[in-house]
Amino acid sequence: MQGEERWENFLARDDGNRVALARFVDVTNLELFSAWVDASKHWIEDVGGERIYVGNLDVVQGRSALSFSHLLLEEYSSRRGAVEVLARATSNIEMGIRDVLILALTPDSRSSHRISSIAGRLVRTFSPVQVVEVPEEKLPQDSRSMGISSDAAQLSVFYDHDQWQPFTMVNLNGIRETASYERTASASGERSQTGKKAYERYARNTAIEVYRRGGNFYWVATPMTVLLGDSDHPLGQHWSQLVLVGWPSRMALRHLIRSRNFSRGVVHREASLSRAIAIPGTPWPEFSRYSI
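For the sequence shown, the residue numbers in my numbering are 785 to 1076.
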């Protein structure tokens, strides 16, 4: 299905709610791409929208799910406004990109974000944790904590970056209809639990530990459909949730993964998710709503 046909179907199902776009792009010419990012910001604002995030992504050679170099997130008051901006796009060559995948999403309410921000400030004020250096050899080389898809190749790229600089983590989660606790010793009383409930148990525990280390849950949305690009791409398949988490450093995440409090909740994460992709990145502060 071509882009224009997808856009028409997208508009035909308009429910009147806010909508978001997640643009995953593979940049080949950073100068052209930066100019397009600057120019398109005004197109978005012209229709009452807002670009809320721009950032680099860690690229892992040979991994199709980790092949895009940048992510842009935008919110719009209407689907029509989002499609108007999509229709103004120039060619990939003029934008300085080789490939693009654009997802339409339903963003969580802004009140949910405000509540999360308040909770984070309270936890950081009354129960902070001092982050200390965690040696690389202390982390498992197939770290399911970074994402069910994470492996030694992704961890190697993760370690190549400055471990004490701010970064973001893009999490795509596929939540099971029914939680799968079969492989866990404590599963007996939980096998009938929904995947959503199991993930909520994991999320409640993890959120506190993220906040304690200076992290923030910036943005949460529910993916709906692919508006442009290959719908068979791993990032274009059906996902239950996209979560953007801001971290003061990669070391803070490493410190989290090694903590006992976090480890206790991982069983619920593994039971709740059928698949997950976690992509670290570096935000462009001048184009992002959130500061780390």
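Just so it is clear, CB atoms sit at the ideal spot from N, CA and C, and this is done for glycine as well.
Nearest neighbour of residue i, chosen from the options [CA to CA]
i: residue 856; options: 818, 991, 863 and 868; result: 818
i: residue 1005; options: 793, 803, 796 and 791; result: 803
i: residue 946; options: 1037, 1024, 911 and 885; result: 1037
i: residue 993; options: 894, 864, 907 and 1012; result: 907
i: residue 1044; options: 1025, 989 and 1029; result: 989
i: residue 831; options: 848, 1070, 825 and 865; result: 865
i: residue 919; options: 823, 939 and 789; result: 939
i: residue 1031; options: 885, 867, 1002 and 910; result: 1002
i: residue 899; options: 798, 991, 1017 and 949; result: 991
i: residue 789; options: 867, 816, 847 and 1071; result: 867
Residues of its chain near residue i, where Cβ-Cβ distance is below 6 Å and the 5 sequence neighbours each way are ignored
i: residue 986; result: 1049, 1052 and 1053
i: residue 872; result: 827
i: residue 1055; result: 963, 964, 965 and 982
i: residue 937; result: 844
Where residue i falls: helix, strand or coil (DSSP)
i: residue 933; result: Bear in mind that the predicted position of residue 933 carries a pLDDT of just 49, short of 50, making it too unreliable to give a figure here.
i: residue 1047; result: helix
i: residue 1059; result: strand
i: residue 991; result: helix
i: residue 961; result: coil
i: residue 793; result: helix
i: residue 876; result: helix
Beta-carbon gap between residue i and residue j smaller than 9 Å
i: residue 827; j: residue 874; result: no
i: residue 1042; j: residue 913; result: no
i: residue 794; j: residue 1013; result: no
i: residue 1057; j: residue 887; result: no
Cβ-based neighbour list, residue i, same chain, cut-off 8 Å, excluding 5 preceding and 5 following
i: residue 942; result: 842, 930, 1034 and 1064
Cβ-based neighbour list, residue i, same chain, cut-off 7 Å, excluding 5 preceding and 5 following
i: residue 812; result: 880, 881 and 882
i: residue 1068; result: 838 and 839
i: residue 859; result: 802, 804, 833, 834, 836 and 891
Residue i, buried or exposed, once every other Cβ within 10 Å from all chains shown has been counted against 16
i: residue 791; result: buried
i: residue 840; result: buried
i: residue 952; result: buried
i: residue 904; result: buried
i: residue 925; result: Because the pLDDT of residue 925 is 49, which lies under 50, any placement of that residue in the model is unreliable, and the number read from its coordinates should be weighed accordingly. Answer is exposed; the Cβ neighbour count stays below 16.
i: residue 969; result: Per-residue confidence for residue 969 stands at a pLDDT of 48, beneath the threshold of 50, marking its modelled position as unreliable; the derived number appears in the next sentence. So residue 969 counts as exposed.
i: residue 915; result: buried
i: residue 1073; result: exposed
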